[in-house]
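First the structure, in the form of structure tokens, and then the observations on it.
In the numbering used here, the protein residues as written are 7 to 126.
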């Protein structure tokens with residue numbers, strides 16, 4: 007009878023779990039963002055500080071809100087609403103994109119630990 011999981015499979019699974027844990031922990035230690043940059047069609051539409059009172063802006067049917075030192079896409083008229091499900095952004099390098107409406111929300115900050123690239 008053949009084993010379902012061999013020792014090689016166990017090593018591969020353990021390595022994948024350790025890599026995932028390392029990436030998760032690295033995300034947790036990234037620095038707090040300072041500035042929100044909202045772009046429309048690749049051009050900067052609005053820049054504002056991440057901290058401050060409640061703030062809301064609408065860019066090409068995308069509603070962006072700042073609350074409690076976090077920013078998020080509150081509503082969009084796009085079909086799949088992926089940007090709305092992106093969640094709350096607060097760390098340097100966090101981003102949300104509404105591709106159908108050509109709007110992006112990115113968090114910028116100071117420091118050397120910003121990512122080179124991000125993919126989803």
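Note that beta-carbon positions come from the ideal geometry of N, C-alpha and C, so glycine has one too. Just so you know, these numbers come straight off a predicted model, no measurement behind them.
Asked, Found
"Under the three-state DSSP convention, the category residue 143 falls into", "Only positions 7 to 126 of the chain appear in the structure, and residue 143 is not among them; the question remains open."
"Residues bridged to residue 81 [DSSP beta-bridge criterion]", "69"
"Which of helix, strand or coil DSSP assigns to residue 37", "coil"
"Where residue 52 sits in the DSSP three-state scheme", "strand"
"Closest by C-alpha distance to residue 114, when choosing among 41, 30 and 28", "41"
"Coil, strand or helix - residue 105 by DSSP", "coil"
"Residues sharing a beta bridge with residue 43, DSSP", "53 and 112"
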